[in-house]
Structures are given as C-alpha cells and as structure tokens.
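Read top to bottom, the protein sequences are chains D and V. So for the first sequence, the numbering used here puts the first residue at 822; every next one is plus one. So for the second sequence, the numbering used here puts the first residue at 822; every next one is plus one. Just so it is clear, CB atoms sit at the ideal spot from N, CA and C, and this is done for glycine as well.
2 protein chains.
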Amino acid sequence: MRIALAQVNPKVGDFDRNLSLVREYSEKAHLEEADLVIFPELVLSGYLPEDWLLREEFLKGVDETLKRLVEFSKEIDPVLVVGYPKLTEGGIVYNTLGVIHKGKLLGEYYKHYLPNYGVFDEYRYFGRGEHLLTLEVGRGENRTKVGFLICEDIWHPTLARDYALLEVHLLVSINASPYEVGKFEKKLKFVSARSTDGLYYTAYVNLVGGQDSLVFDGRSFVVSPQGQLVKVAKAFEEDLLIVDIEPQNTVRSRLRDQRVKEATICEGVSEEVINLSVEKELNTSSERNGIFTYTPMEFEEEIFKALVLGIRDYFSKQGFKRAILGLSGGIDSALTAVLASEALGAENVLALYMPTVFNSTESYEDAKRLAENLGINFRVVEVEPFFERFEETFKNLFPDWRFDVADENIQARIRANILFYFSNKGGYIVLSTSNKSESAVGYTTIYGDMAGGFAPIKDVYKTWVYRLARWYNRYRGREVIPQRIIEKPPSAELRPNQTDQDTLPPYEVLDQILQLYIEENLPPSEIVKRGFEPQLVERVIKLLHRAEYKRKQAPIGVKITKVSFDRDWRIPIVKRIVF
Amino acid sequence: MRIALAQVNPKVGDFDRNLSLVREYSEKAHLEEADLVIFPELVLSGYLPEDWLLREEFLKGVDETLKRLVEFSKEIDPVLVVGYPKLTEGGIVYNTLGVIHKGKLLGEYYKHYLPNYGVFDEYRYFGRGEHLLTLEVGRGENRTKVGFLICEDIWHPTLARDYALLEVHLLVSINASPYEVGKFEKKLKFVSARSTDGLYYTAYVNLVGGQDSLVFDGRSFVVSPQGQLVKVAKAFEEDLLIVDIEPQNTVRSRLRDQRVKEATICEGVSEEVINLSVEKELNTSSERNGIFTYTPMEFEEEIFKALVLGIRDYFSKQGFKRAILGLSGGIDSALTAVLASEALGAENVLALYMPTVFNSTESYEDAKRLAENLGINFRVVEVEPFFERFEETFKNLFPDWRFDVADENIQARIRANILFYFSNKGGYIVLSTSNKSESAVGYTTIYGDMAGGFAPIKDVYKTWVYRLARWYNRYRGREVIPQRIIEKPPSAELRPNQTDQDTLPPYEVLDQILQLYIEENLPPSEIVKRGFEPQLVERVIKLLHRAEYKRKQAPIGVKITKVSFDRDWRIPIVKRIVF
C-alpha cells in the first residue's frame, strides 16, 4: 500500500486557495499511484479561523468547498483524507476528518480531545467526538485497515489503544501543530512509542506555513510498527511525502520471527511469560533503533527558518511585498533586516538610519555596511532636527525641565512617525525590532521601537538574537552582519554613553531568569534556588508584570518558544504582583 | 433567617486587600445579626486572574489567605460563604465555593459548568465539579436548608432542579458576572423563573468593580420562591444587602393556602389535576407579580456609570491618579473628558488642545468651554510647528509628494507624541478617545488618536456617544458639553473641510450594520435582508476585517456590549474575508 502525506500551506478563509492546494496535491498523489492521500487538520478552512468558526457564512463556505472536493474526487484514484470544521444539524461544530473516494464522503471522524491550553481554545469552538473510524483499503494481501485521529487525540493513550484493539495497520494522524523550538523531537519520540505499543504504522501529517503569530513547521513523517522513522517531509516547506507500507502479514510475521528468536533465550518458561518478556524487548529495541537515527536540525537554523517563513507568509498571504524598518547599527535591527531580506528579497526591504546626536559614527557605518552586505535599500533620515524642535517646545512647557526618560522615548517615537509615514506613502509594512527580553521587562518604547505591523523577533530572547546573528554569518560563510555589531555592548543610544546594562542585569542572567519563570512556569522561590539573587529575581518579575500594558499593544510576531507573548501569555494588567 | 449579600470590589492578586474586604463586610453582617454572609465568586483571588491561575505561588497565596480567613471566622457569628480557586492534590484547580464557620471550613462546592465563550476561558484553568453541597442553618422553625451554585451553574437547569429535589429553601449563587448593557434584566427574569420552579429563595451575589476591560455591576439580589424580587443591592458600588428569609414552613403553607383558594375554582376534578392546574397558576402569577415590579435603569445612565467605574478602578487599582487626553472640540474627546472628570475628579484631568492649521476656531472655543464647564486643566500645545517641520522634510524625501492619508496621520501621531511626553514627565495615563464605530472600520490612526493607556469609550458606538452626551447634559441639568459639539458634523480635522461622512456612511446606518454583524452575529446575507444596500454591507464588513491589525494593538477599554473588541472578538489578521 502506498500513502501520500500532503503537507500544504492553506490560508484562513481562502476556500479557493485551499481547495486548489488539495486538488494539486491529490493529482500528484494520483500520478504517484498512491492509495491514500492525507491532508492536515482543518486544511479546507485554514488553521485557526478563531471566531470565524462562530459564523454561519464561514461554515457554509467550508461546506460548499467540501462538496466541490467530493465532486473533484471522481477524477482521481486515491482515497482522500482532509480536515475541516463541520456544523452539524444539532448546531454543534466539530473539528472533523473526512474520508472521500470517487465522489463519495465515505465517513467522518470528529476530534475527541480538544486542546484548551497554551495557544489553543478549542473548547470555545468545537464539540467533542465520541466515535472511532476505520477504513479498509486495498485487496487480498494488501488489504490494510486504517484508523484516524486528529492532532491532540494522539497524545491521549486511550484512542491509540482502541485502534490497536481494532487491529489497524495504519494510524493516520492529521495535525496543525504549531512550531516551538525543540518540540519536533519530542513529538517524534512520542509518536514512535505509540506506534510500537499499537503495532501499527503512524502517518503524522502536519500543516506548513505562517498564520498570524503561529508557524507550522511541516516535517510530516511516518513511523513503522517498530517505532522506526521511515521517512520525514521537508521542514518549513510544502511537500508531498510518498511512503510504501508493508503488508500487515509481512510485518507481523517478521515481528513474530524476531520474537521467537529472542524467545529462545528464555528456556523453560511458559509461552505466556515469553510473550511478555519479548514485548518488553521489542519496546526497548524500538527505542534504540527507532527515532534516534534522526538528526535534529541545528537550534539556530530551525529558529531562523521558522522566523523567515512566519514573515514571508504574513506578507504574502495579505498581498504585501515590501517592508520598512529602522536600522540603528544595533544587533536587533540587524537580525530583523537579515530575516526580512531572506523572507521578502533584499529588493523589497527598505532600511532607514535615523540618527540623533546620541548615535555614534560607528552605528552609522555598521548600519550602512550591513545594508550593503544584504543589498537592501538604505536611506538616512535625520531625526535630530525634529528632536530639537520637540525639546525646545518641551523646555518651555515644563518649568523644571530636565532630560529624562520622556526625552529618550520621544526620539524612538519620532522614528516610528517617520517609518509609518513611509508605510502610508509607500505601502510598506513596518517591522518592529523588539526582542523578547526587552519586551519582557518593558525595556522598549511603546509607539517607538515597539511600533510596527509585525515584530519578527518578538519571541527571540536577546542571547538568542546573538546566537542567530553569529550562526547567520557562519551559514553564509562571510561577515554579512559586521562583527562590530555583534561585539559592541548593546545600547539604545537615546542618551550619552547609554548601555542596556546601566538598567538591566547582563542578558545571560536576565534571559535565564525569564525562561525559568515564563517557559518553565517556575515559582520565584524555585528560581532563587537555582542560584539567582532573590532581589534580582524579584526585580525582574516586577519589571515583567509592570510591562503588561505595553505588551497588550505590541504587534504580533512569530512564536518560537513554548510561551510566546501573543496568544499563550494571558496576564491581567490590573493586579498586585504575587511572589 | 437573615442573610447578608456582601457585594465587594476585590483586586486580582491583592490577597491582603481582598481579605480585609471580607473581614470588614463579615463584621458588618455580624453586627446586623445575619446568619449567613455571602461573598462573590473568586473573591479571595480577584476575578479573573487568568494565567496567574497556572502559577503555584499564586495558588499558594490564595490558600494562605483562606487559612487566615478561617482563623478570623472564630471572631464572628455568621456562616461565611466565599469563592476562591483551589489547587487540589490531584493537581487540578477548581473554581470553589467554601462554607466557613467558627474556625472551620465546613464544606466546599466546585463549579460544575465552566463558561468558555465570550470573554470566558474557564476550561483553560478549572476542572469540573461533580458534587452538590447543602447546609442547614438555624434551629427549629428557622432551620433552613441552603444549596450552593457558582455563576454559570444557575443557567443550566439540572443543578437547580437537583437542589429542588433536595428541598433546599435558599439557593445561594455566587457570581462574577461582567456588565453588558441590558443583561441585568435578563438575569433577573431568568433567576426569578428558576426560583419559582424550585420553590426556593435565590440569593444572587455579584462582584462589583473594574478589572482590566471588565466591569462588574453589582446589583446583587434576592428573589422569593414566588419569583418576586425581594431586594436589590446598589449598582456599580459596594454594598451589603440584608434580607430576612421567611421560614420554609410559613412560605409553603401560604403557597398551599393560595393553592387551595384557587383550587375551589376547579369543581369536580380530582386532587391531582387541581395540583397541576394550580402550579401553572403560581408560575403565571409570579411572572405577573415578580420581577416586573423592578424599574430598569436608563440606557445611558447605566452605560455611563459602567464606564466611570471602569475608568476609576483601572486607575485606582494601579495607584494612578491623573489622566491626560487630547481635547479636539469633537464629541469623542468631549465625552471622554466628562467620563474622566467624573471618575477621577476634575482636578486630576489635564486636557491638551493641539491644533494644526486644519482646526477651526470653533473647535478651540468648544474645547475650552467644555474644559471650563468641567473644571479640568486645559493647555494649548501648538502642533502646527512640528507638523510643518515634518512636512518640509517629507516633501524633500518624496519626489512626487502630495498631501494624502500619511499627512493626515502624522498630525494625530505628533499629538500622541506630546501626550506621551506629558505622561512620561508627569505620571499621567493617556486616555485614547477612539469609539467602537471608528475602531470597527479602522477610521482611527494607529499610534495617533488610538494611542493611550486606556480607552474609555472604545466599546461605545458613535451613535451612543451622542446619546450619552445629550443624556449627560440633561443629567447635570445644564449645558456642560456645549451644544455645538453635539450638533456639528463629526470631523477628524486632518485636512481642509473634512467630515467623517466623506469616507463613511452615516453613523446611524453604520452602527446598525456593525451591531447586526458583531453583536447579533448575523451573516451578511441576513443583514441585507434587513434593508441595507448589499454593496454597503460588503464594504463595512471589509473595512471591519481589514482593521484587525490595528485593533490588536489598541489599548483596552471598558466592555459594555455583548461583543467588545477586547477579549470576546478573536479574529485572525491574516485571512480572506468571507461573505
């Protein structure tokens, strides 16, 4: 039996696009003589439509798309498996998997386990399924029983076990599993163990592409009943993965042979005990020989590709081509420019260098050098004349005037004014250059450097910004990002001789505290036990929570961590901060 | 039996404040010789803590507060009923009601029905309860069986019916029910019907106060077993409502007398049939005599008070006193100034009039007059010199320069710069003056008039802004808001002779379309059937959805409608717009 995993990139509400994708990949699968072609979760609607799922016209649109697809299925041989939201007559919407063949909707499976944590709110939209679905494909020796799951379902042991009891030979899992750094390896390991337990192949089909702050990394894969990774699709790209599934009898008899071979070791024990001990052996051997043959992608490369895809799809799915950003000569805007030029093409990126008296000559040189290296457009717009005008006025308005944070912020805000002026005039999307560390502690100017339509590195910790910059130069084999940008002490250059470390602890320390608190959800007392100063931990957590009102107004960006500040961090503004 | 409904205003995470409130109101109830004092849902933690509920240190803090409260209960006579989140040993958190008396936690009830729609995400945080809880209070004739529910529970018939089967005489419902215009009357009607069905008193205790974008309106109440409104607490203020509950026997025998009296009408029918017909009579009579004696608050007054409380608590719970806003001479900033001065005191409000060449003399006069009428601080900061400087520079930067939306927006953004400069220098919170209609269709400048720490009228439709302005002058019995502000055609005054209706349909039409789409969730085809031009409906819905990226960056404001743009409107930015 031959299966095709169609890892495609749909768009929310774009039924024509999504249907075209399904047709295109089905036709490819047909040419490859696949028996089954499998698409991701909610492929017809796009993932996640959020409150569009509460709207009648949206659900009707999906239903019409499904009907067109059923009609199309007459033209091809493979059985189609697709995901979509379905409004039932009882008025409940289910996250549904449909099996379609030759003009007929053969059966439907409703998702059982609805994730309602992190970025997920599926209880808001869907009812819970209660029935399993199996399908027999092929004839004679090749007859294969297939079972179906949707995303979260596979993480709950009961359903996978039920399919094992039904003796399915292939478990199909359709997914829209958002990218997080390090998550893929965990997923692979878990699904592998599940396949071993259930003695079936698992075909795990994932979405690919960017949707608002989420990026789907693709990497659909098939594991064997022994837990071995058979094949994996491309990361961060559309792909069609063709895999041949060995017949159930062949697999089972080989496993039986193996069992008998191993059973000879245990002399003088009953059949029952042998079986038990051998099953244990098989599990262990699958863990040894299975997924560990997979070589994980490098930390920096994986994040970089996720960010590039997130930016590209944010633009292309909205019909935008051009980005503008302020290039300061610092590391954050440098990395943002690199990402934008990789995602959109250098010719579509405009960088403005906008100095005041506090910006060093080195900053100008570094910004210019980087722009040249990338081949992006570069212009200088002097901010100093505006800044002077504001300061003159303000000195008259405030009798006790002295230079303080207000005067720092105004510089960042004038820059935002200029960027948005260009945006209005030239159809650019403004990219904010804020990173996760500064967004966490509020070390960023609201309506200033925070401003933008999209914030590519908003979920990237400052220490990771450095790692990505260094990695990029290695990856390109040349000093695209001038070494001086990477090495100089970070500074907002909003007052004389300013550095970030005048105000903040070193980023190595700050990022560790933030990660333990935000990603690991550790209580402060536990963080202190890991060797950080209690006063420092308290200060960081207070800064973090006091900046909530700023984060609520931040542009969205690409989620790459377990807990990003977009959909998965929900903290009130008004509160007393608890330790 | 005497009960006390303690309608208090807690703050998220402020355990000391919340405990003090509970102690203070318990002591008052003690002095009033109440048998039972009832506090709202999650009173010890504040409502809603959101993701603080996932943090160990927070749940520990709640637990310690509960222990302190149990200790305190030794000092008073009434039985205490309080709400709090409870982490159980299984690692599940329940939305809990605790019954405390004389140093003992007598019993706990876990919320059964978890709302997960609109602004609610309770499945994210809580497990579902499975047991009922009853308590017998008093002795002899006054012995009263009490049942308990939490908020959403009362909307599901099964639990209320179960308590009826258990023959409780008082159903206690503790709530954190956010304000929406018109919701209170629906609630009253529903709870009244439930009491009639179950033949018990219902004591409905609601939270009061503002928390981020939510306002709780209080108006706790008690209805009798005949569905009559016995007493209702203050709206939008803390209150202690004391109600005497008639003994069960007295109530039941009176109902029986009434039944017998009415039964005499039905001659020659069996006892069983009489009972049936009489029960029907009682239901009907309760609907006639019950809640309809309540006079609803005026539409404008209710909204106005909700907005004032929302602003006041946003400031006071964060320790802020002073607000700043741009006063343009238009209706939106006028109403915002009125609300701010009512909420914070006129002396704490600073209004800046910031003209460019496009602002009329009338606008200045109107702004100044309003400021004088309110007694708020008023300053003029000329924007024209900044605007000129920007325009000169931009004319040089863009060879084909002509005045367009970029040049309109820059004026609004300079104003935001100035407001935020004052905010940084003087500790003011900037109030955004955007209303719901313009926020819906994107007729607002991001980082311009949209900018602010808080947006008091963001959930108020433009036609409602006018209604509130007119009502306020009536309410104060004088022309506080100059009539000219109310009567002149609305204009952003960002180009010569501009009015909103150059770009938008009349607000009377726009608001109706928006309300049908947003609040009523009607599909566009249905809106057209109500008599609106199909092209106009399409245009409005497209404008609405294209402005999503702006709304994602808007400051929060007070929710007053069924679907506000804060927590209860979740629409992707990247999408194809569906009709």
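Residues that residue i bridges to, as DSSP identifies them
i       : result
D/A1364 : According to the sequence provided, residue 1364 of chain D is Leu. The question's Ala does not apply to it. BP columns for D/L1364 are empty, so no partner.
V/I995  : V/I971 and V/V1026
V/A825  : V/V858 and V/I1063
V/K1052 : V/V1043
V/D1038 : V/V1029
D/I1145 : D/L1171 and D/V1251
D/V958  : D/T965
V/R1200 : V/L1173
V/F1275 : V/L1252
Nearest residue (CA-CA) to residue i, options the options
i       : options                               : result
D/L992  : D/L1020, D/S998, D/F1011 and D/K1007  : D/L1020
V/K932  : V/G924, V/F941 and V/L953             : V/L953
V/S894  : V/P1393, V/K925 and V/V1043           : V/K925
V/G939  : D/G939, D/Y938 and D/Y944             : D/Y944
D/A1230 : V/E1308, V/N1238 and V/A1227          : Correcting the residue identity first, residue 1230 of chain D is Asn in this sequence and not Ala. It is V/N1238 whose Cα lies nearest to the Cα of D/N1230.
V/T1177 : V/R1210, V/Q1232 and V/K1126          : V/Q1232
D/V989  : D/H977, D/V967 and D/E1213            : D/V967
V/L1165 : V/D1153, V/I1235, V/I1145 and V/S1181 : V/I1145
D/E1067 : D/Y1115, D/L987 and D/N963            : D/N963
V/V1358 : V/R1388, V/K1383, V/D1221 and V/D1332 : V/D1332
D/D1033 : V/D898, V/N1070 and V/Y1370           : V/Y1370
D/D1038 : D/G1048, D/D1228, D/V1002 and D/T1023 : D/V1002
Cutoff 8 Å: residue i Cβ touching any chain D Cβ
i       : result
V/P1277 : no
V/Q1319 : no
V/Y930  : no
V/Y984  : no
V/K1396 : yes
V/K1138 : yes
V/I1231 : yes
V/R945  : yes
V/N963  : no
V/Y938  : yes
C-beta neighbour in chain V for residue i, strict 8 Å
i       : result
D/N830  : no
D/S1106 : Only weak support is given to the placement of D/S1106: the predicted model assigns it a pLDDT of 41, under 50, and the value that follows is read from those uncertain coordinates. Not one chain V Cβ lies under 8 Å of D/S1106.
D/F860  : no
D/D884  : no
D/A1237 : yes
D/D817  : Absent from the structure is residue 817 of chain D, since the part of chain D shown begins at 822 and ends at 1400.
D/Y1268 : yes
D/E1102 : Below a pLDDT of 50, predicted positions are generally treated as unreliable, and D/E1102, at 41, falls in that range; no measurement from the model is reported.
D/F1037 : no
Contact set between residue i and chain V, taken where Cβ atoms lie within less than 9 Å
i       : result
D/K888  : By Cβ distance, chain V contributes nothing, its closest Cβ being about 16 Å from D/K888, past 9 Å.
D/V1379 : Those do not exist, as D/V1379 stays about 12 Å from chain V at its closest Cβ, beyond 9 Å.
D/R1234 : R1234, A1237, N1238, F1241, Y1242 and Y1268
D/A1272 : I1267, Y1268 and Q1374
Per-residue contacts from residue i into chain D (C-beta, under 9 Å)
i       : result
V/P1344 : R876, E877, E878, F879 and K881
V/V1202 : T1214 and L1218
Proximal residues of chain D, C-beta to C-beta of residue i below 8 Å
i       : result
V/P1206 : R1210 and T1214
V/Q1374 : Q1374, A1375 and P1376
V/E871  : R1391, I1392 and P1393
V/F1179 : Ordered by position in chain D, no residue passes the 8 Å Cβ test against V/F1179, which lies about 17 Å from the chain.
V/Q1032 : P1393 and V1395
Contacts that residue i makes with chain V (C-beta to C-beta distance below 7 Å)
i       : result
D/K1246 : F1219 and A1227
D/Y1135 : V1395
Neighbour flag for residue i against chain B, beta carbons, 8 Å
i       : result
V/Q1356 : No chain B appears in the structure shown, which is made up of the protein chains D and V.
Amino acids of chain D, ordered along the chain, whose beta-carbon sits closer than 7 Å to that of residue i
i       : result
V/V1399 : G834, W873, E878, F879 and G882
Next on the checklist: In chain order, what are the residue ranges of uninterrupted alpha helix (DSSP H) at least 4 long that sit wholly in the stretch 1220-1261 of chain V?
Outcome noted: For the stretch 1220-1261 of chain V, whole alpha helix (DSSP H) runs of length 4 or above, ordered along the chain, are 1226-1247.
Checklist entry - Which parts of the stretch 875-954 of chain V are runs of the alpha helix (DSSP H), unbroken and 4 residues or longer, counting only runs that do not cross its ends? => result Secondary structure remark: continuous alpha helix (DSSP H) runs of at least 4 residues inside the stretch 875-954 of chain V, in chain order: 877-893.
Next on the checklist: Which runs of the alpha helix (DSSP H) at least 4 residues long sit entirely within the stretch 1323-1373 of chain D? Give them in chain order.
Outcome noted: 1328-1335, 1345-1350, 1355-1367 and 1369-1372
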